[in-house]
Each structure stands twice: as C-alpha cells, then as structure tokens.
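Numbering (the numbering used here), first residue to last: 1161 to 1722.
Below is one structure; the comments refer to it alone.
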Amino acid sequence: MLRLKQSETTNLSNNPAYKFLFLPIMLLIRLKHCLLIFSVLLALFSCKKRKEGWTIDALVPMIDSQLDLKNIFDDDLIQVGDNDLLNLVYQNEILDLKLADDFTIPDTTISQINEGPAFNLAWDKANPLISDTNESKFEIPNANLTYALIKSGKIKFKVTSTISEPTTITYNISSAEKDGKTLLVSRNMPAGSPGNPVEITNEVDLSGYLLNLRGKNLNDYNTIFFYFTVTFANPSSPSNLYNYTSADVVTIENSFVGITPEMVKGVFSTTTEKPDESSSEFDAFKQIRSGSFDVQKAKFSFEFENRIGVDLQGSVNRLSAINSKSGASVDLEGDFIFQSLNLSRAKEDYSLYEVPIIPSISRYELNEGNSNITDFISILPNEVQYDMDFVINPLGNISGGNDFLFSDYGIKAKLNMSIPLNIRANNLELIDTVDFDLGSPDEGAELIEGGFVRVHAYNYYPFRAEIQIYTLNKDNIIIDSLMEIGSEISAGIPVDKTVLEAEYSILSAPVSVTKFDVLYQAERAIVKLRFNTEGTEYKDIYARYNTKIKVVGDFKYRLIVE
1161 MLRLKQSETT
1171 NLSNNPAYKF
1181 LFLPIMLLIR
1191 LKHCLLIFSV
1201 LLALFSCKKR
1211 KEGWTIDALV
1221 PMIDSQLDLK
1231 NIFDDDLIQV
1241 GDNDLLNLVY
1251 QNEILDLKLA
1261 DDFTIPDTTI
1271 SQINEGPAFN
1281 LAWDKANPLI
1291 SDTNESKFEI
1301 PNANLTYALI
1311 KSGKIKFKVT
1321 STISEPTTIT
1331 YNISSAEKDG
1341 KTLLVSRNMP
1351 AGSPGNPVEI
1361 TNEVDLSGYL
1371 LNLRGKNLND
1381 YNTIFFYFTV
1391 TFANPSSPSN
1401 LYNYTSADVV
1411 TIENSFVGIT
1421 PEMVKGVFST
1431 TTEKPDESSS
1441 EFDAFKQIRS
1451 GSFDVQKAKF
1461 SFEFENRIGV
1471 DLQGSVNRLS
1481 AINSKSGASV
1491 DLEGDFIFQS
1501 LNLSRAKEDY
1511 SLYEVPIIPS
1521 ISRYELNEGN
1531 SNITDFISIL
1541 PNEVQYDMDF
1551 VINPLGNISG
1561 GNDFLFSDYG
1571 IKAKLNMSIP
1581 LNIRANNLEL
1591 IDTVDFDLGS
1601 PDEGAELIEG
1611 GFVRVHAYNY
1621 YPFRAEIQIY
1631 TLNKDNIIID
1641 SLMEIGSEIS
1651 AGIPVDKTVL
1661 EAEYSILSAP
1671 VSVTKFDVLY
1681 QAERAIVKLR
1691 FNTEGTEYKD
1701 IYARYNTKIK
1711 VVGDFKYRLI
1721 VE
C-alpha cells in the first residue's frame, strides 16, 4: 500500500496528475463501500419472515442493601464508646409497687340526732337553737393517720328538721382546710313540722382539702371533728321568742364518699407487702428475630427506689430471665438474692418544684465475676419474673409520727445493664427489606435465555454469614428465593482484633427462563444474613462495621433483527 506523508499529500493535491489519476480511484472505493452497506441492509430487511440474531450478556442491578447489627436494637439502646466499640445500655423498671390502697379512708357516714328539750322553753331567737361539736373516727387499717391531702372524693350532707320556722344550717369542718380557709357550708331550711319534716341535701367536693385527723385536742389520729349550728333565719319574726319543745328535732347525716388521698401522714403499722404482679416485660432484644449471641462481659445493677417515708426491709427471693419463644430460663445468682436488704426511707422537701420527695436509692452491682449475669443475658430474655416482699417499718414507729406516702409514688425496682458488644454469634439473624424491580414481562422477557444472580458482599463483621434473598409480591408475600441453600459470605478478618477492610465475597445462583416468570411478579426483596462465629473466641463489634450486599443479574439476551 502506498503511504504518503502529510506534507506529500498536501503537495499532491495541487498536482494535476492527482486530479486525473487518484481522484477517480478514491471515488470507486467509496462507491464500493456504499454498495456493500446497501447489500447488508437489503439482506436484513428484505425477508420479514426470517429472524436472525446473536446472544449478548447484560448486567442488571437488582438489589443494593446495607445491613448493620446496630439495627437489631432500638437506637436509644446503643452507645458508641471512646474506642468506637458498641455498647448495649438498657434500663428496665420491673416493679412499681404503690401502697396507697392500704391507707385509704373508707366510706363513712356520721349521723347525729338533736332533739328538743324535755319541757317547753321560750327560746330567744337571737341565740343558736343548736350548737354542737362532733368528732368521728375513721376505720383506717394499718395506719394511724394525722393528715390526709385529698385527691378526690366528696362529703354529702343531709339535714332533716321539724322546726316550725325557717332556719339556717351551718356546717363547719374546721379540720378541713383549702387555700387557707376551712370548709364551711351554710344552707337555708324552710319551716317544717313534726308531721311534715323538711329535708335538704347537699354535697361538697373535697379535692385539694387537707384533713387534720388529730381530733379536736390535736392528740388523736384518724379523727375528724366539725361544728354544727342551727340559727333562726328571721330572729325577730313574728316575735323574738320561739316555743322550743321536744317535738323540734334536727337530724344531721354526713357521708364521706370515695375519698382518695393524694398524701397521708402519720404512723404506719409494721406489715409485709407483696406485689400482686410477678413478671415484667424485658424488651432490650425485642427486634432480634432469630438466633442469639453470647456476651463475655456485662455490668448489671439491681436498684431499689423508695419514695415512701417509711423504712423498708426488702427481699428478692427470685429473679429469673425468661425467653418465652425458646422456653429458656435462667435464675439470677448474686450477693443480694435471698438477703434481707435494708432500704432507707424517703425524705420530704417542700422546696421542690413538683413532688416534695427525695427518694432513697439502694443499688446492688453485679458483673461476670460475682454473678451469672452473662448467662442471664445470653438467652435474650423478653420477660423477667420475680418474687419479692417488703416489710414496712420493721423496727416499728421510729419516725415520731412522720411516716408519709404519696399515692402516685411507691417502691420501684429497676434493672440497669451495660454490655460491651464483645460477642459470639449463634445463628444471629439480620434482615433488610429493599425494593426490587426487574421490569415488566412485555419489556423483552421472550429475549432472555437465562443467566445468573451475582451477589457481591462486602463484610466487615468478623462472622461468616449464611445468606438468602427472598422476593416478595405486591402483597408482601414471599414468592421465591434466589440463593442456593448453604450459600455463605466470608467473615471479616481482624487485625489486632479489629477488621480494617471489608472481606469481599462473590456468590452466584442460576436463574432459569421459567424462574423469570416469578421474578417479574416481585416488587420487594428480603436480604437475610445469619451470622455465626467460627471457634469460641469473642469478637468486638465496632460502630463502623456493616455488611453491604449488591445483587446484579448477569443475564443472556438473544438480540433479534427482523
């Protein structure tokens, strides 16, 4: 072939020989190319009944997922340590025992009949016809109360009179005070007669009243006192005197109904209290669907919070972890189990903004060295069962009558734990649900000749993981699985106990032509990893660890030209 330098071709174009020799040759070459292309197109399109084609490989992205062990716990339970190590921190209140029901004021009715004199009297209407002081003692079990602040309840009045002139009934419970004022009720009563007595009823809401239950001379307990007077409504009409006889009778009936104290104070008897409930939810591991993990270390504290103004002697007779799914259970062993625990009384401080209680806290620390707390945790309990009892004032009245109780506050028992995630995984399952879209069957399904699903896995976790991928239809029902049983991705390789680089694995699973009919129905997919530790060594789990799964369809297409 003749090769010319650029300078030569430039000079040649100006040569007359070029125009008459080379130019016709170049035109013939171009015409030949055009005829060849035309012949190819004619061969391809001249016969519509014949199909020709060839097979090509196409890569179709299908799934992109990132799975993180942190996601099997609630966000507020996971804390990142200074060294990036994950810690599971959980606080659980297993008991909230309120004792207000043991110190309630029972429904009580106080009745008093005030009869006229045995002989007739000319009574000066300027003077009260009846003026009396009455005391009544409530039957309150287990306590000698001196004060009660009422949350809810009422007092009902009923007065019946045969006085033949209009009167004014005044009822003064000087031992009930609210906003600096005593409870005072005054009502007008029309004239009555022995044959036709008149009656009035009324009720007063006692909410917010402080009852002084020390009696008239302030030396008693559980006792309320009141003043009751009957005066003439019109002292000078029709005359200043009233013929007061034995037929003039005034009956007073007062009922205390539904009294619920907000606070009581006094002396509480020595009694033993046992919670009605015996179990509590333990939801630290509620998001773990399957499998378990063993922990090497754990810090655990059992805490009593006493918000009652009494000394307590507590006893934890049993504390058990229960996994109701697996049926596993572990009884906690530790120094405080089966021991008499002295729990100090709470204190009052009315300078506090809300509830004037300073609780007493008693805490008992456990770890893997002085208890079986790692076994307790490793069954991943969803319930804690317990058997406890409390003795109130085991030494009797040593407070000088200053025991107190607020109805909304009692005795709490709490479990607090901190677990560094240095674990062994036992079929620990991690799941992610993602979108899946292969397209519609009318977009060329007949051109697919099969292929493979390629899974590219990048695993930081120092656990090998069995992998399965399920496809879901529009109703979120599993319709197929993509991976062969037993497919696994490799564990991350620690260097000085830390995985610095994700371990890469690639897995393949065949996809037949018939399998595509099912895949086209899928709208979502579940990526499931089941982690296991090789050997017995515990592995540290750091915040930066995760496993990325990318699924690509490597499919063969038959390209058709008609």
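Note that beta-carbon positions come from the ideal geometry of N, C-alpha and C, so glycine has one too.
Just the C-alpha distance for residue i and residue j, rounded to the nearest angstrom, thanks.
| i | j | result |
| --- | --- | --- |
| I1232 | K1297 | 59 angstroms |
| T1269 | R1505 | 35 angstroms |
| I1638 | D1256 | 43 angstroms |
| E1644 | K1708 | 19 angstroms |
| D1714 | I1579 | 44 angstroms |
| Y1369 | V1515 | 17 angstroms |
| G1451 | N1587 | 5 angstroms |
| S1500 | F1464 | 13 angstroms |
| P1301 | V1240 | 52 angstroms |
| D1549 | G1418 | 29 angstroms |
| D1454 | P1654 | 19 angstroms |
| S1480 | E1437 | 14 angstroms |
| I1329 | V1390 | 5 angstroms |
| S1665 | D1242 | 31 angstroms |
| G1474 | F1386 | 41 angstroms |
| I1290 | N1274 | 8 angstroms |
Go ahead and pull the three-state DSSP assignment for residue i.
| i | result |
| --- | --- |
| D1635 | coil |
| V1515 | coil |
| V1678 | helix |
| F1496 | coil |
| F1298 | coil |
| D1101 | In the structure as shown, the chain begins at 1161 and stops at 1722. Residue 1101 is therefore absent and cannot be evaluated. |
| F1596 | coil |
| L1227 | strand |
| A1278 | coil |
| I1232 | helix |
| D1339 | coil |
| L1128 | Any question about residue 1128 goes unanswered here, given that the chain covers just 1161 to 1722. |
| A1481 | strand |
| A1669 | strand |
| A1260 | helix |
| L1642 | coil |
| L1289 | coil |
Who pairs with residue i in a beta bridge, going by DSSP?
| i | result |
| --- | --- |
| P1354 | Paired residue(s): none; P1354 is not in a bridge. |
| Q1456 | Its beta-bridge partners do not exist; DSSP assigns none. |
| Y1331 | V1345, F1388 |
| Q1473 | N1502, V1551 |
| Y1664 | Y1618 |
| N1382 | Per DSSP, none; premise fails for N1382. |
| D1563 | G1426 |
| E1589 | R1690 |
| F1462 | Y1524, L1575 |
Excluding sequence positions up to five away, which residues of its chain have a Cβ less than 8 angstroms from the Cβ of residue i?
| i | result |
| --- | --- |
| T1696 | R1584 |
| M1423 | Y1307, A1308, L1309, F1564, L1565, F1566, S1567 |
| A1669 | F1612, V1613, V1615, L1642, M1643, E1644, S1647 |
| P1277 | Y1404, T1405, S1406 |
| D1535 | V1490 |
Taking 7 angstroms as the limit between beta carbons, can you name the residues of its chain near residue i, skipping five residues before and five after?
| i | result |
| --- | --- |
| E1253 | K1572, K1574 |
| K1657 | D1700 |
| L1281 | Y1404 |
| G1570 | D1256, L1257, K1258, L1259, R1467, I1468 |
| D1723 | This structure gives no information on residue 1723, because the portion of the chain shown stretches from 1161 to 1722. |
| D1595 | R1684 |
Can you tell me where the alpha helix (DSSP H) holding residue i begins and where it ends?
| i | result |
| --- | --- |
| S1538 | 1533-1538 |
Is residue i close to the ligand GDP? I mean its beta-carbon at under 7 angstroms from any heavy atom of the ligand.
| i | result |
| --- | --- |
| F1464 | Because no ligand of any kind appears in the structure shown, any question about the ligand GDP cannot be addressed here. |
Can you tell me where the beta strand (DSSP E) holding residue i begins and where it ends?
| i | result |
| --- | --- |
| M1423 | 1409-1428 |
| I1254 | 1246-1257 |
| Y1524 | 1520-1527 |
| F1445 | Per DSSP, F1445 belongs to no beta strand (DSSP E) and is neither H nor E. |
| N1692 | 1684-1692 |
| V1580 | Before going further, note that residue 1580 is Pro rather than Val in the sequence given. Unbroken beta strand (DSSP E) run through P1580: 1571-1580. |
| A1488 | 1488-1491 |
| E1433 | 1431-1433 |
| L1371 | 1370-1372 |
| L1401 | 1401-1404 |
Excluding the 5 residues preceding and the 5 following residue i in the sequence, name in chain order all residues of the same chain whose CB lies nearer than 6 angstroms to its CB.
| i | result |
| --- | --- |
| K1318 | T1361, E1413 |
| S1461 | R1523, E1525, N1576 |
| S1429 | N1302 |
| M1110 | An answer regarding residue 1110 cannot be provided, because it is not within the stretch 1161 to 1722 covered by the chain. |
| Q1447 | I1232 |
| E1493 | S1531, N1532 |
| S1440 | I1254, V1544 |
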